[in-house]
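Numbering (the numbering used here), first residue to last: 1 to 140. Yeah, the Cβ is synthetic: ideal placement off N, Cα and C, and Gly gets one too. Structure first, then comments.
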Ligand SMILES: [Zn+2]
C-alpha cells in the first residue's frame, strides 16, 4: 500500500467533494433537527435487550463534540469520537483540495492482505467500543 498524490482527471468522480457534502449536510440537517425539537433517534437493539448497541451514545457524543466537550464526547462513544476526529481532518483536507484544485491523495497498490488486516482492525475497534459501552450501560 502506498499513498499517491495526483491531480484528478476532469472526468473522475470527485470523492472529496461528495464526502464533504455528505459530512456538512449531515451536520446541518442534524442541527436543524435538534433545533426544531424533533425526537431523538431510538435504538431498537436497546429497546429489545436493555443493552446498548455498538453505536449507542453516538448522538450524544456528536452533540458534546460539537459543543467542544471532548471528554464527555469520548465517554459517550469512543469509536464515534475517533470517527468525528478523522472526519474533521478529512473535511479540512477536502476543503483545501476542492477549493485549491490541488492534487488528491489516493491509496494505491493495496494488497488483499492489507485490506484484510484493515478490516480486522476496524472490527476489533468496534468490538472494544461495544465492550466499553456494555461496561458503562448504566449511563444509557
Ligand atoms: Zn443503539
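Runs of beta strand (DSSP E) lying entirely within the stretch 74 to 102, each at least 3 residues, in chain order: none
heavy atom of ligand 1 below 7 angstroms from residue 84 C-beta: no
Cβ separation of residue 46 and residue 56, assumed to be a contact under 8 angstroms, to the nearest whole Å: 6 angstroms
Contact under 8 angstroms by Cβ, residue 17 with residue 83: no
Rounded C-alpha distance that separates residue 39 from residue 101: 40 angstroms
For residue 79 and residue 126, believed in contact at Cβ under 8 angstroms, the rounded distance: 6 angstroms
Beta-carbon spacing of residue 7, residue 103 below 8 angstroms: yes
Within 6 angstroms of ligand 1: residues by beta-carbon to any heavy atom: 43, 45, 46, 52, 53, 55 and 56
Residue 36 - DSSP class collapsed to helix/strand/coil: coil
Neighbourhood of residue 81 by C-beta, 8 angstroms cutoff - its chain only, sequence neighbours within 5 removed: 61, 65, 70, 73 and 74
Close-in-space but distant-in-sequence residues of the same chain around residue 130 (CB under 7 angstroms, 5 per side omitted): 54
Spatial neighbours of residue 58 in its chain, beta-carbon cut-off 7 angstroms, leaving aside the 5 residues before and after: 77 and 80
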